[in-house]
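Heads up: the structure comes next, in structure tokens.
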Ligand code: HAM
């Protein structure tokens with residue numbers, strides 16, 4: 393036997409047993425996002441490499457180490473998207489969606505980053521994201537945060553997550569703050585780890601994001617970004633906080649929250665949970681008012697977020713009542729005995745499907761006696777088995793066996809069952 397292939401490390405199959413959880417999550421997302429009037433956008437998985445370098449930033453972990461980049465047969469450098477914002481902006485500019493317009497967009501799909509795989513961190517993972525364009529005020533920041541808060545409520549883990557907020561200020565204010573930070577960390581250069589020493593030159597703000605516990609004290613004593621904001625950003629941030637309070641959305645201000653992508657200004661936020669170990673950030677986002685212009689469009693403010701669906705699935709799996717929320721793959725299993733019954737059953741099941749497009753029917757295939765077929769029915773998730781043998785066919789009848797309830801088998805006429813099936817289920 394030749395050696396069987398394995399999936400690429402960090403890229404996972406979604407097996408049938410997991411599909412109901414994914415479908416539940418996706419259905420909740422679609423319902424919540426449409427209740428806020430957002431429109432779906434689907435962009436290609438592969439984009440021009442420069443799109444990501446210029447938006448996410450050359451000196452970021454994603455661009456420096458994590459992108460799946462390749463040269464195609466036409467000698468173009470292409471990259472499998474590591475995130476969704478850049479492509480949304482690119483598509484918006486290219487298709488004239490952003491020019492003097494306001495947009496509320498959302499997307500869902502796979503993203504690719506060559507990180508070290510561990511629980512909650514994968515090389516192919518899935519994001520649901522929302523992006524808004526053309527809104528200057530903090531009302532849109534609050535709306536996006538309220539949308540995510542509503543999703544946690546719908547999914548049933550609102551008490552398990554915490555909203556962390558910060559403001560990065562304007563680009564100018566951030567540059568001035570950066571200089572202060574460089575001065576502070578240069579004075580304490582010996583205390584920095586190797587990674588942070590390197591970041592001091594390339595991207596000093598990211599030192600604040602270090603997960604090294606040995607740096608905790610040094611970082612907490614560093615000058616605070618929130619204390620060096622420009623007046624406009626300060627006002628924006630205060631108004632956002634007020635709006636969240638009006639909406640009864642609890643938050644904590646985390647002055648070291650800086651995010652790992654370069655396009656942000658003003659508001660940044662993350663939803664974090666302590667229930668997932670190291671990969672506790674389930675959703676992250678903020679404003680990126682300069683990005684559209686930076687990528688060749690007319691200056692247009694932007695704000696959005698993206699969440700990691702695998703991490704949310706891990707949270708859902710911890711719920712004891714999860715199975716009750718999931719839809720089952722089969723509701724009704726049809727057992728037929730003999731060729732005539734099998735053919736008649738096939739015709740009858742199509743009639744049932746005509747009348748009940750939302751009910752899931754499965755007809756037994758592969759023959760065998762009733763005992764074997766009922767065993768299969770029992771193994772499926774079906775609530776009832778329909779029995780069609782020679783007698784039933786002759787009498788235009790159908791037997792109904794209850795698979796999950798302690799009830800006697802009953803027989804109905806085939807036409808009565810078409811009328812009564814939803815009550816019986
Ligand atoms: P990000 O922080 O890079 O931001 O990713 C957003 C979320 O995606 C993370 O909080 C995490 O839940 C999930 N995620 C990231 N990497 C992985 C991974 N390797 N495995 C599993 N989940 C992962 C962005 O991508 C921005 N585009 C968000 C945004 C949209 N900002 C404004 N608009």
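In the numbering used here, the protein residues as written are 393 to 817. Even for Gly, the Cβ is constructed at its ideal location relative to N, Cα and C. What you are looking at is a predicted structure, and each value in this text was computed from that prediction instead of being measured.
Thinking just about the alpha-carbon of each residue, which of the options is nearest to the one in residue i?
{"i": "residue 534", "options": "557, 521 and 550", "result": "557"}
{"i": "residue 700", "options": "609, 482 and 512", "result": "512"}
{"i": "residue 615", "options": "572, 813 and 582", "result": "572"}
{"i": "residue 803", "options": "793, 797 and 617", "result": "793"}
{"i": "residue 677", "options": "528, 524, 482 and 687", "result": "524"}
{"i": "residue 605", "options": "583, 409, 520 and 476", "result": "583"}
{"i": "residue 454", "options": "666, 410 and 507", "result": "507"}
{"i": "residue 520", "options": "421, 611 and 641", "result": "421"}
{"i": "residue 818", "options": "753, 411 and 502", "result": "The first residue shown for the chain is 393 and the last is 817, placing residue 818 beyond what the model contains."}
{"i": "residue 427", "options": "394, 620 and 536", "result": "536"}
{"i": "residue 668", "options": "399, 542 and 705", "result": "705"}
{"i": "residue 811", "options": "785, 761, 743 and 753", "result": "743"}
{"i": "residue 410", "options": "732, 780, 720 and 768", "result": "720"}
{"i": "residue 543", "options": "526, 619, 763 and 418", "result": "418"}
{"i": "residue 467", "options": "456, 493, 488 and 440", "result": "440"}
{"i": "residue 500", "options": "702, 748 and 393", "result": "702"}
What does a CB cutoff of less than 6 Å around residue i pick up in its chain, not counting 5 residues either side in sequence?
{"i": "residue 451", "result": "594 and 595"}
{"i": "residue 713", "result": "none"}
{"i": "residue 680", "result": "655, 656 and 694"}
{"i": "residue 675", "result": "540, 663, 697 and 699"}
{"i": "residue 602", "result": "588"}
{"i": "residue 642", "result": "none"}
{"i": "residue 747", "result": "810"}
Within its chain, find whatever has a CB closer than 7 Å to the CB of residue i; leave out the 5 residues flanking it on each side and keep chain order.
{"i": "residue 464", "result": "470"}
{"i": "residue 504", "result": "460, 472, 473, 474, 515 and 516"}
{"i": "residue 770", "result": "795"}
{"i": "residue 639", "result": "534 and 538"}
{"i": "residue 487", "result": "none"}
Residues in the same chain with beta-carbon distance under 8 Å from residue i, minus the five sequence neighbours each way, listed in chain order, please.
{"i": "residue 530", "result": "628, 629, 631, 632, 635 and 659"}
{"i": "residue 709", "result": "413"}
{"i": "residue 431", "result": "495, 496, 497 and 498"}
{"i": "residue 808", "result": "none"}
{"i": "residue 611", "result": "599, 600, 602 and 648"}
{"i": "residue 817", "result": "723, 724, 751, 775 and 776"}
{"i": "residue 689", "result": "481, 484, 485, 490 and 491"}
Quick one: is residue i near chain D, going by C-beta distance under 7 Å?
{"i": "residue 641", "result": "The structure shown contains no chain D, having only a single protein chain."}
Under 6 Å from any heavy atom of ligand 1, does the C-beta of residue i make it?
{"i": "residue 702", "result": "yes"}
{"i": "residue 816", "result": "no"}
{"i": "residue 556", "result": "no"}
{"i": "residue 697", "result": "yes"}
{"i": "residue 682", "result": "no"}
{"i": "residue 517", "result": "yes"}
{"i": "residue 676", "result": "yes"}
{"i": "residue 514", "result": "yes"}
{"i": "residue 477", "result": "yes"}
{"i": "residue 507", "result": "yes"}
{"i": "residue 521", "result": "yes"}
{"i": "residue 673", "result": "yes"}
To the nearest whole angstrom, what separates the beta carbons of residue i and residue j, a pair I think is in contact under 8 Å?
{"i": "residue 509", "j": "residue 402", "result": "4 Å"}
{"i": "residue 715", "j": "residue 625", "result": "In fact, because the Cβ distance is near 47 Å, the residues do not count as touching under 8 Å."}
{"i": "residue 661", "j": "residue 555", "result": "6 Å"}
{"i": "residue 447", "j": "residue 707", "result": "Incorrect: roughly 29 Å between the Cβ atoms, too far for contact."}
{"i": "residue 777", "j": "residue 725", "result": "5 Å"}
{"i": "residue 791", "j": "residue 801", "result": "6 Å"}
{"i": "residue 780", "j": "residue 735", "result": "Going by Cβ atoms, the distance from residue 780 to residue 735 rounds to 10 Å, so no, they are not a contact pair."}
{"i": "residue 692", "j": "residue 449", "result": "That belief does not hold up - the Cβ atoms of residue 692 and residue 449 are roughly 19 Å apart, past 8 Å."}
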